[in-house]
Structures are given as structure tokens and as C-alpha cells.
Amino acid sequence: MSEPRYKWIGTRPIRPDGFDKVTGRASFGADLSLPGMLYGKVLRSPHAHARIRSIDVEPALATPGVKAVVTAADLPDLASEAVRGAETQTDFQDLSRNVLARDKVLYHGHAVAAVAATSRTIAERALQAIRVDYEVLPAVLDLDAALADDAPILHEDLRTKGVEGADQPTNLAARIEIGRGDVEKGFAEADVVVEREFTTRMVHQGYIEPHAVVAQSGEDGHSVVWCCTQGPFVVRAYCARILGLDPSQIRVIPSEIGGGFGGKGTIYQEPLAILLSRRTGRPVKMVMTREEVFRATGPTSGTRIRVKVGATAKGKLTAAAATAIYEAGAFKGSPILPGSMTMFAPYVLEHVRIEGFDVVLNKPKVAAYRAPGSAMAAFAAESALDELAIRLGMDPIDFRLANAAREGTEAPYGPRFGRIGFVETLEAAKRHPHYTAALGPDQGRGIACGFWFNVGLQSSAAVNLNEDGTAVVVSGCPDLSGTRITLAMMAAEELGIPIERVRAVVADTETIGYNDLSAGSRVTFATGMAVVEAARDVVRQLSARAAAIWEVDPQEVRWEEGRALPPEGAAGKPEPLGIAELARRAAQTGGPIVGQASLAARGAGPGFATHICDVSVDRETGRVSIERYTAFQDVGRAIHPGYVEGQIQGGVAQGIGWALGEEYLWNSSGAMENPGFLDYRMPVASDLPMIDAQLIEVPNPTHPYGVRGVGETPNVPPLAAVANAVHAATGRRFTDLPLSPPRVLEALDSEE
Amino acid sequence: MAKIHVEASVNGEPVEFLCEPRASLLEVLRDELGLTGTKEGCATGECGACSVILDGRLVCSCLVLGVEMEGRSVQTIEGIASAERLHPLQQKFLEHAAVQCGICTPGLIVAAKALLDHNPDPSEEEVRFGLAGNLCRCTGYDKIVRAVLDAAAEMRGQT
Amino acid sequence: MATVFFTTGLRRYTGGRDRVVIEARSFRELVTALEARFPGLREPLEGIAVAIDGEIVQEPLLEPIQPGSEVHFLPRISGG
Amino acid sequence: MEPFRYQAPQSLTEAIELLAGDGDPRPRALAGGTDLLVQLRAGSVSAGLLVDVKRIPDLTGVVLDGDGLRLGAAVSAAEIGEHRQLADSYPGLADAVGVIGSAQVQGRASVGGNLCNASPAADSVPALIALGAQCLIAGPSGSRTVPVESFVSGPGETALARGEILVELRLPRPPPRSADAYLRFTPRTEMDIAVVGAAVNLTLDSDGVCRAARVALGAVAPTAMAAPAAAQALVGTRIDEEALARAAAAASAACAPIDDKRGTAVFRRKLAGVLIRRAATTAAARAAQRG
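Chains as they are written, first to last, in the numbering used here: chain A, 17 to 768; chain B, 2 to 160; chain C, 5 to 84; chain D, -15 to 275.
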């Protein structure tokens, strides 16, 4: 189809909200201070697993400067109830017990009490004054221990969901199964079968801004919360349930957010700040330390995945099967389901079966990390497929092309794909000079693919026309990555005015209609749809105003380049009416012009990707270095290519860190040994080459500008791309991440 | 603990403040002087979000004590732009879409300025090693390095 | 008449059948019809998402179903 | 972080008085603070009084002359890195100081602080040992010098008595055709603490034969340690493949490494050999250029 010519879509304007960010004026979670403000701190469990016999807060309350102390006794004891549409399966009872431990502490760092005091140092001293009587229990620190017959039980009332007649206390929270056909039959037809087991470690999203919140409460029972969050409406809804309030009693104003990647889509200390402010009648500020962020906020699951794939000699996949075990942390709800659904999604498979297990153990409750559960699943699947292609003697891209999902292919989780661009990413990778560039000694090239559904969910937006014809786009999704300018560009395209005349702002829970959180790569897609609809609403109103002035039928008025054009033969041959003039005359023609739209967005187009990674391996030290990285991703249509590339480059960098060096290290008593950026080794600038993001545009037919979500797919392929490259460089198949130098050197040495 | 009176210079202007000896320069900037542009990411000198230039030296303000500032001068992100124009680094960060969430941006711009003050014509590798003390989790560093190289060229008069 | 596919987990309620052709003009009607055909099926369908002809709908209650549509059930996914 | 008092003396005698002062709980010297302040905040170290030594001239000078180098204990790594002459004469020391942390850490961290923190993995200590550095210590009963290898007595422990302060490092003038080198291994290219550190300092004669050598290793024992056997393996050779292999084996044998969150004992032992071989090769190449 011919590429439609757009004025702004596809260009790279400067984001106006960027000026505050490069000058330090932008206000993040911890930047707000209010008069009379108290400081809140959380007392955290020194044990990974213990029963709480009693908590004596009196000594803390007696400390001069301490104004309030709260424990789980100050929160309603909620019954178990699933949270609809949470980023990973969540239960309000679990959520409440993660905010403040009730009866038991379930991980080292688990919140036990919270104090509010006139200074940070007094609050910290008050924590030491709280007496907690713990009955220490044996800690469950790995999947084997959790699933052993005699395993210490975290939750006496937990029964395995998805297993017939499960009525015994267990740490196995759920068993799931997806797939179709008969995998045994498929494997029987295969000439070559590869079966391997892969493990990955618990890792953290690693956002640089620690969680921060300020809460203030009035005598009318209404609280206002400023915090860094991906979902202000989520914070409102979850805090209301945890505190036994109505959502209308809480207003959440999102600050700028210093990174989230799925980890700031839930709540931790926000309810505590609200509760402490209601108890003291004063604003309360709570800012986590980096150590608290690591110990007590959502990492993603460590996993063990056994994969089996079979193909005919001609390279046709006949069957794929997997058994995947995911750590959920202290409460049920790992991303085992999305992980299992996406594992083989890029491929045509008549026989596919994935059995998944969600396992609780004494570690922090996991939260979403970009495409939840998918990077680990792709590490296993794409490594096994790499080995299969090699044993078939096939080029890894040709092998994937021969089995690639296209429009109409049934996904492993059931439905047929609509218009998707996986084949286009594979072909682009094959054509690209990187794929055939020469490699030096001890270097290797690996490829891997990845997929994420992308979601729609609910969005509301408004476009307010100012009296000078400029516009303000109001949306309710915090801007993690440049979505304000992206929304403004779509509005400018619809209104036909220069981008400089459109500003975009993020509203709060009392100044915009309901919005789901900024996650699921949905903002440009779903909120974008609402903004386009709201802008078209403005155009309809402007056309009607022009029609009224010209006394013609509004249907006959056309809108182009920011002007209303009269129908031929209109009385008096009137001149076109520009947006500025119509806005200026709005008072005479009916009043202010406000466009609005709200929707439950459907038809979120999945995002596929193919990545090429070159590594060099120092055989004497085991160090793996990334030499070159190119990522091809079907982005539907890139509204602002700069920020789409940024999502891909950032996701690749996170994936490389996950593959090479990031991991939670635990001591024998279940405390994290590296809760800081020194020994939780995220990539620094000098660790990475430039990351070449190739935008493949196969427009998503269900979006006015063909948009697909782009934010989550990028961290799915890199784990396997790096591991496959290391295999190509060393001839060794690595099945356990991270590929740290000691682990690589040990493997290389055992070879000689 | 009694507070100590300190006289120092921040972004070229004299300031006075009271602080406990254990208060870091980061806490003084943010809590006493209201300059919240300098950010805290770790408080252990490992993320660089609190970078400032202390008497011409790039440092982490979380690992400097407020009381050490007596008679010394510090430049923060708020002092990088001139009254009416952005510094070339700030402009290029915007033009290259090198800013996503922006929490690391103040520290990175201050660190890049200190780098270019000492080395006006750095190679890509020199930029990457010069900024290795500033963690960024959103961008993968690509566009940040390009923005710094572009700003360096402009500041050398070769655009 | 729409073709409804059942996930492995739901086949416990349908006597092992992985699909069925059934008359329904909206998702609400479909659930009622399925409950009638396979008593007990309503409960696991509570809070489930659906894909109708490949298009995923998170909260399908009133979602129309065209004759000849393919309907798949899948869990509600949000993302990170 | 519990409270402490702060003093910034202008003179050595004033500093010594403060550090030796009776009745004052747990005084500690503050140079760059990049280790000390982190430990105080984490509560792994405590102090009642911090004595900021950065305003004392005796600790902030860099003198490079015929007798060698006198390096103030409080001089920042950044300042050292910009000292062209120092890098030419002591390239290994410049290597070691240059890899301590990021540019931000370099702006504050000092060699004296690195030594007094006495981490087994300190980067500057192996280089100082290989260069035969002497530590000038001043205290209530006057000043004394100790060789650097006996300055650090254990993890976090030094030879400093109460009231004593490390004033400067003194390094002999490198003889002709001699040079040093320092290499460390870290998983990332910056920011990490050394998993293994290796320093080699050697002197060649006019025929290119090694006449003298000193070798030191970091992060493979409770303190940085000299490795005389590895040095012996180089003396009398042309630093050829065979000599390097013997030196590497001697270095690995000399280690007493542990498993920790940064590396395994097996890994460290192997890396000690690899890094000594590479550092010796670099030192030899540098020394040859000085012919």
C-alpha cells in the first residue's frame, strides 16, 4: 500500500516537556516538600521467614518527634480476592500483606511497621525502638526447596489452582497448561529433537528513581497523594481497598516518573503514607533507599524451563513442549502465564504444549518487568531453536522463516494472528550488512526472536482548544518515554496545525477520566486512539462552527491543513476559516471548544522482533563483550522514531545486563547480598556499543495511524541473542544465566 | 547535634546554610537550598544521578559532606544553562531524544560538561568511559553518547 | 453459529471437547449458552478475556459475536 | 548514619591533636570519603569525630624530582591522573589510580584513603608494593616511615596507632629501562571492585634482560601481597613466553583467594596468573621503550 504522506507523524520534534528535564526543573517523586511535613520510614524484617508473635510500638511512640506508628493491625484484614487486570495475577489480601506483614514475615526486607516523625533521623531511630517478637522459621530459598514434600509452607491456606482436588497446604500456587494437538505425535515425526533445561536468576527492573510518595489528608477524610507511578488510578484503587476507603477519598497526582518498566505499576508504601498522614493530620513523605528498592520491591522471577523442540530434516517444526517453573516470591502471582503464552508464539506449531508452575518462596513478591515472563521463556525457546537449526545444518534465519507465524497463524494460546510483521523483521535482518559482516577471532554472532501481545485497556483523553487556536492534549498516562510529544504529534496531524502549537500534559485522577496504567506498551496505541478521537471531535465542532457562520450544512464543510473549507457554491463565496479565527470567535458560535474521547481500546497489534548480536569472548578471563547489536522490530508505524528507537535501545541494554551480569545473590539465611548498584551489575555506558534499532513498519490496521505497542518486545530476544552469540564464539551451549566471567571460564576450562 | 554554619558558592552565587556534619551536600542542595534538580538514586556514589562539579571537579554530591563546602564552590544542573539559552549539551540531549524518563539526565549533563571542560574533542570511547559513572536504565546510552559528541563538535565550532 | 475453542484448563468442564459450535449474538449470551450446555463452566469464565476472530477483548461482556466467528478464551494480560 | 562532629584542621599538628585527643570517641581521618561515608551510612563503621585532612598542605602536595615521587595522601585520583610527568615515570601507579571507580569517584578518592580503607581489593596498593613505596606516618610521638606492604595489616586494619595519620607516599626514582604496569579484572568495564589486581615493576639491562622485578597481587588474600616467587621467575630472562608462564604459575600458587559475591576462589587463582602475564608483558614493553 502506498505510504500515506504525513506532516508530523514520523518526524523527530523536540519534546517541550524535555526542557524541564534537562534543566533540573522537572519534579520527580522525591522532589516535593510541603510545610509541616513529616518523614515516614518502614521497619523491615531481618528474617526471610518468621511468625510475628507480637509487635510493641510503644517505645517508638515514646521517642520525641515520633507522631505515629502503624502496623498491619491498623489495616483492614482483607479476604482473598483477585485483582482484575493486574499486571501479574494479584490478590488484594496478598497486596495488603505485602504493604504490611500480617502474622508472618515472608522475605528479608518485608515491611512490618511504619513510623512518621519530624525528621528522617528521628524516624530511623524510632524504627530501632520497635520491639518485634519473631519466631524464626526455616527459609525456602529455591524452587527445589519450595516444591520438596517436606517444604516449610509459606501460606497455610494456599491450595494449588489448576490441579484437580488439590486440598493440601503447598508452595505451588498454580499449575497452568496451554497448547493444542499431540506433542508426542509431533516429536515422533521429527528427524531431529533438541531438549535442554535452562535457568535464569531473579533480576530487578533497575529504575534509577527509588519509589517516593508524599501524602496529605484533610479533615474531610480526603487524601491527596503525589507519587512516581505508572498508574495513578491503580494507586488510587489499590490504596482505597487496602485502607478500606472509597476511591473518591483519594486523589493521586503523578509526579514525573524516573523509570518503572512495570515495577511501578503496583503499590508499596503509598497506603502507609496516606494512613500516617490521616493519623497525624500532616503531610508525610516516604522515599525508599536503593537497598529497600532491591530488597522489597518487585524483581522478576528466577526460572527453570525445560524445553523440547523437534523438526523434520527439511527444517519444519513438528512439535514444541516446555515445562516452566517461575518464582512468584512471597505471594502467588508470577508471570508464568504470559511467559508460557509467548514462548513459542513466533512459530507455526500444530503440536505445542506448555505446562507452567507458579511457586511461592521466601523472596520479594515479583512484579512486571517489561514483557512480564517473556524474556526468560524466549531465552529457553530461542536457544533450543538455535541448537536445532545448527543440527539441521540450516541458517538460523532461514530456519525461522520456514516456520514463521504470519497473518492467520494460530497462536499457541489459541487465537489467529491478525496482520503481523514477524517475517518482515526476519527478512530485514537477513538483508542487513550486519548479518554477513566478517567476524574476528573468538567472536560469534547469534540471533534470537521475540514477541509481546501488547494490550489496549482503558484510556480517556481531552483536547482543549485555546482561544488562539493552539491546543492542549490532556491524558491520564504518566509519560515514561516521550509519550506526551507522541500524543501531541497525533493531535497536530488531526488538527492540521504545527506541532509547536500543541502541548501535551498528564492529568491526575481528579482532572481526567479513568485511565489504566502506563504499561503493556499501550500508551501510544490506546491513549493515542483516544487523543485522535478527541482531536476529531474538535474538528467536528470547528466544522460545525464554520457551517453556522456560513449557514451551510456542517456535513459539507471539509477540514484541511487547520482550516475549514466551505462547500462550492456557498452563499457569498466565503473564505476558508482558520482554526485561530474559529477559536477566537468561539464565544459567538457556542462557547469553548473541547474534544473528548474515552474507550476500551481493542485490536492491540502484537510486536515481533529479530535481534542480531556479535560478542567477543576473552578465553583467558571468561569475559563476554558485546561488539555489535542490531534489533529489527515491527513497530506498526513510528510516530516519533527517536523515542521508538529509545525503547528498543533501552530494552536491549536491559536484556544484555540480564544475560551477562545481573542477578540477585542470596546468603544462606535468605538476605540479598548485593542490594546496591556496585554488586548488582547493570551495564554502564562503557560496556555497550551503539545499539542499532531498525524500525520495521507493518501498520496495525486497527489504529488510525497503524501504531503497535513497542515498549515491551525489546527485552525479550536479547538473553537468547547473547547466549547464542557466545555459543557461536566458543562452541559451548550456555543454559544458565548470567554468563558471568567465572561461569564462562569454568565452562571453557572444562572443555580442554 | 548542633548544626554548623557554612558559607559557600552555588552556581556562582554566595549561599549560607546550616547543616549537621553528617548531612551530605546532596541533602543540603535538595532540602536546605531547594535545588531539587540534583537527584538521589543510591546515596552510595554508584549511580551518578547526584553529580555536581565541586571546584572544577566532577563528584557525587552524596559522598561529600555539606560542612566540607565552607569557602568552596559547586555547580549543579540548575547552573548549566545561561539565563535565556540552554547549554549546547542540554539542547543536543533534546534534539537526539537522549532523554526518556529524565531522572539520570541532570547528572549526565553535569558529567558531560565536566568531561568536555577537560577534553573538548573526545572519541566515542572516551565519552563512554567518561560517563561510566552515570547509570541510565531507559536509553541504553546510544543517543546520550551521540548527543555529547554532537554538542562537543558544536562547542568546538564545527557543526 | 460461532466456533468456540476451549483451553486445556477449560476442557475439564466440557467433557474433554476442545471446541464447540454454538448460537450466540454476544459474549453474555455465549456464556449463558455454554453454562446451559456444560453446567459449571460459567465460574471459570468469570473475569476471563476473549479473542474474537483474533482480536483480544479484555472485558467482553457485551461484545457482539458474528455468525462464523472464532472465539478463544485467554487470561487477562496487562503487561509491564 | 549516627551523628559525628567535624573538624577541618589547617596543619598536621592540629590534625594529630584531634586524632589523638583523649575522651573524643572514635576519631577518623576523612580524605575523599568515597569509602568512609558509604561505610558510615551503612553502619559498618562508626565515628564520633571526622577530621577532614584535605586542607593540610603536607597531605596535598605532589613533588616529582630527582629523588622520586612524594605523593600527598589526600591528593585526589583525578589530580594524579592529570599529572603527565607522574604517569610517564610511574605508569603502573597511574593505571591503578585511574581505574578506581568512576570519574566522580576519581574527583574525590585519594591514594591515602585507598590505603587506609585497607580493602583486600584496593587498586593502588599492589602498584605501590610493586614500586617499593614507603609510607610517611606522623603522630603524637613524631613521624616514621613503613614500607607499604606492612602498612595494611588486615582487611580494614592498618599499622596506624591512635593519633597517627598517613601523610604521604614516597616512591623511589625508577632506574633507567624500568617501568611498572597494573591490571585488574572486573566483570564490567568500569565501576566494579577488582576481582583480581596485578602489578609488575621490572628493570631491563641494555640487552633487554630483566635484572630486577617486583610483583604484587590484589583481592586474592586478606591484604594486597607481594609475590616474590613470581618476580624471581622474571629475573634473568627476556620476559619470554616461558618466563611469563613460570611467573603466572608462581602468582597463582601464591594466592589465598576466597569465594564471594564477586568471584570464586578458582576463578581468582586462574586470573592471578593471566593478569600477571599480561601486566609483565606491558611493563616489559614500557621498560624497553625507556632504553
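For each residue, glycine too, the CB sits at the ideal point set by N, CA and C. A quick note: this is a predicted structure, and the numbers were derived from the prediction, not measured.
- For D:Gly257, the uninterrupted alpha helix (DSSP H) segment begins and ends at Ala249 to Gln273.
- By alpha-carbon distance to B:Glu8, the top candidate from B:Met70, B:Leu132 and B:Asp151 is B:Met70.
- Straight-line measurement puts the Cα of A:Met506 at about 11 Å from the Cα of A:Pro514.
- As summarised for the stretch -1 to 44 of chain D, the continuous alpha helix (DSSP H) elements at least 4 residues long and confined to that stretch are 20 to 26, given in chain order.
- For D:Ser73, the enclosing alpha helix (DSSP H) covers residues Arg68 to Ser73.
- D:Ser236 has its alpha-carbon roughly 38 Å from the corresponding atom of A:Gln221.
- Each of A:Pro248, A:Thr313 and A:Pro270 was checked against the Cα of A:Gly279, and the nearest Cα belongs to A:Thr313.
- Within the same chain, and ignoring the five residues on either side of D:Arg146 in sequence, the residues whose Cβ sits closer than 7 Å to its Cβ are Ala4.
- Judged by beta-carbon spacing, B:Asn135 lies beyond the 8 Å limit of B:Ser25, meaning their Cβ atoms are not closer than that value.
- Annotated three-state conformation of A:Trp24 is coil, per DSSP.
- Within the stretch 605 to 617 of chain A, no residue places its CB atom closer than 9 Å to a CB of chain B.
- Across the structure, B:Gln92 and B:Leu55 are spaced so that their CA atoms are roughly 23 Å apart.
- In the displayed model, B:Cys102 falls within coil according to three-state DSSP, outside both helix and strand.
- Scanning chain C for C-beta atoms nearer than 7 Å to the C-beta of A:Ser356 yields nothing, as the closest lies near 10 Å away.
- Distance from A:Val479 to A:Ala550 at the Cβ level is roughly 4 Å; contact confirmed, criterion being Cβ atoms closer than 8 Å.
- The residues Glu483, Asp484 and Gly485, in chain order, have a CB closer than 8 Å to that of A:Arg600 in the same chain once the five nearest residues on each side in sequence are set aside.
- Ranked by Cα distance from A:Gly409, the first of A:Lys332, A:Ala560, A:Ala427 and A:Thr452 is A:Lys332.
- In terms of beta-carbon proximity, B:Glu41 stays away from the interface with chain D, with every pair separated by 8 Å or more.
- Chain B has a Cβ within less than 8 Å of the Cβ of D:Glu174.
- Neighbours of B:Val60 across chain D, judged by C-beta separation under 7 Å: Gln88, Gly91 and Arg92.
- If you check the CB distance, D:Ala200 and D:Leu186 do not come in under 8 Å.
- Near chain C, meaning a CB-to-CB distance below 7 Å, the residues of the stretch 156 to 183 of chain A are Gly178.
- Comparing C-alpha distances from A:Gly638 to each of D:Val258, D:Leu21 and D:Glu152 shows the shortest one belongs to D:Val258.
- DSSP places A:Gly430 outside both helix and strand once states are collapsed to three, so it counts as coil.
- Interface residue (Cβ-Cβ distance to chain A less than 8 Å): C:Glu39 is not classified as such.
- For the C-beta of A:Glu97, not a single chain C residue is nearer than 9 Å; the gap to the nearest is close to 11 Å.
- Of the residues assessed, D:Val47 falls on the exposed side of the cut-off, its CB having fewer than 16 other CB atoms within 10 angstroms.
- Contact of D:Leu21 with chain B by beta-carbon distance below 7 Å involves Leu64.
- When the alpha-carbon of C:Glu63 is set against those of C:Phe31, C:Phe9 and C:Thr11, the nearest one is in C:Phe31.
- Apart from the 5 residues on each side of it in sequence, A:Val488 sits with its Cβ closer than 6 Å to the Cβ of Asn480 and Arg519 in its chain, given in chain order.
- Between A:Leu143 and the set A:Ala98, A:Tyr530 and A:Lys83, the nearest pair of CA atoms involves A:Lys83.
- Within its own chain, the residues whose Cβ lies closer than 6 Å to the Cβ of D:Pro241, once the five positions on either side in sequence are excluded, are Val204, Ala249, Arg252 and Arg253, listed in chain order.
- In this structure, the straight-line span from the alpha carbon of A:Pro75 to that of D:Leu167 is close to 53 Å.
- The C-beta distance from A:Ile68 to A:Tyr429 rounds to 41 Å, too long to fall under 8 Å, and the pair is not in contact.
- Assigned with DSSP and collapsed to three states, A:His627 falls in strand.
- Cβ-Cβ distances below 7 Å link C:Phe42 to Tyr17 and Thr18 in the same chain, with the five nearest sequence neighbours on each side left out; the list follows chain order.
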